[in-house]
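With numbering that gives the first Met the number 0 applied, the sequence shown covers 0 to 174.
In this text, a Cβ means the ideal position worked out from N, Cα and C, and glycines have one as well.
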Amino acid sequence: MTLHRKYGSDERIIIHCETVTKVAKILADAMLKEGKEVDVKAVLAGAMLHDIGRSRVHSVRHGLEGANIVEGEGVEMKVVEIVRKHVGAGISREEARALQLPDLDYIPATLEEMIVCFSDKMVDADRVRPFEAEVHRFTVKGHDVSRLVALKRRLQQELGEDPEKVIFDKVKETQ
Ligand SMILES: [Fe+2]
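Dropping the structure here:
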């Protein structure tokens, strides 16, 4: 929160980050319960900071900008990478070149990176929404739906159950 204030994030971006953090915590806790090794602190920090780059730019570059901000603040690299790789369902090296982003792979790969990326896709502003709504948005925008579906499938393999169901069950419980 200190970093959001320092970089002048909009209030609605902060609220979005808080909601994504709640969802990411649900998934991280469920992973722990399954005996998976997950750095919950990195997940929470990455979720809270994932959109800090929007204080500078709202384009596809906001992941990279955010990563630069948090790296400059001495935040651990695990968290920097979560922020850098949260945009869409990830950006491949080829796509990054076409978008004139630094020549890197931006596809979430670690459990922590996948949890935050997926949690973000499950939250519209401050509202948890069905996965299908994001699939629809990807389709309309012409994004790669298969990569989004693959992200969900990877998490399902790790969890042994549907991450969307895990999120909605928990959200209902706390309402
Ligand atoms: Fe974002």
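Pull up the distance between the alpha-carbon of residue i and that of residue j, whole angstroms please.
i: lysine 120; j: leucine 63; result: 18 Å
i: proline 129; j: glutamate 157; result: 20 Å
i: glutamate 126; j: valine 115; result: The question names glutamate, but residue 126 in the sequence shown is arginine. Going from the Cα of arginine 126 to the Cα of valine 115 covers about 15 Å.
i: aspartate 28; j: valine 165; result: 10 Å
i: glutamate 70; j: methionine 47; result: 15 Å
i: threonine 109; j: glutamine 174; result: 31 Å
i: glutamate 72; j: histidine 49; result: 14 Å
i: aspartate 38; j: glutamate 111; result: 7 Å
i: glycine 7; j: histidine 61; result: 14 Å
i: glutamate 33; j: leucine 103; result: 32 Å
i: leucine 184; j: alanine 88; result: For residue 184 there is no data in the structure shown, the boundaries of the chain being 0 and 174.
i: threonine 138; j: valine 144; result: 7 Å
i: lysine 171; j: aspartate 9; result: 28 Å
i: lysine 5; j: lysine 77; result: 21 Å
i: phenylalanine 167; j: lysine 24; result: 13 Å
i: glutamate 93; j: threonine 1; result: 35 Å
i: leucine 98; j: glutamate 131; result: 27 Å
i: glutamate 160; j: leucine 26; result: 11 Å
i: valine 59; j: valine 86; result: 7 Å
According to the neighbour-count rule (16 or more other Cβ atoms, all chains shown, within 10 Å of its Cβ), is residue i buried or exposed?
i: leucine 150; result: buried
i: histidine 135; result: exposed
i: glycine 45; result: buried
i: proline 162; result: buried
i: valine 74; result: buried
i: glutamate 36; result: exposed
i: arginine 83; result: buried
i: glutamate 133; result: buried
i: methionine 30; result: buried
i: histidine 57; result: exposed
i: proline 101; result: exposed
Could you tell me whether the Cβ atoms of residue i and residue j are closer together than 8 Å?
i: isoleucine 51; j: histidine 15; result: no
i: arginine 153; j: methionine 113; result: yes
i: isoleucine 81; j: arginine 53; result: no
i: valine 182; j: valine 122; result: Past the boundaries of the shown model lies residue 182; the chain is included only from 0 to 174, so the question cannot be answered.
i: alanine 66; j: valine 79; result: yes
i: serine 91; j: valine 19; result: no
Provide the residue(s) that pair with residue i in DSSP beta bridges, ordered along the chain.
i: valine 122; result: Val127
i: tyrosine 105; result: Ile90
Please give the ranges of any alpha helix (DSSP H) in the stretch 40-100, keeping only runs that are unbroken, at least 4 residues long and fully inside the region. Those alpha helix (DSSP H) runs which fall completely within the stretch 40-100 and span 4+ residues are 61-71, 76-83 and 92-97.
Kindly provide the ranges of any alpha helix (DSSP H) runs that are 4 or more residues long and lie completely inside the stretch 129-153, ordered along the chain. Complete alpha helix (DSSP H) runs here, min 4: 130-140.
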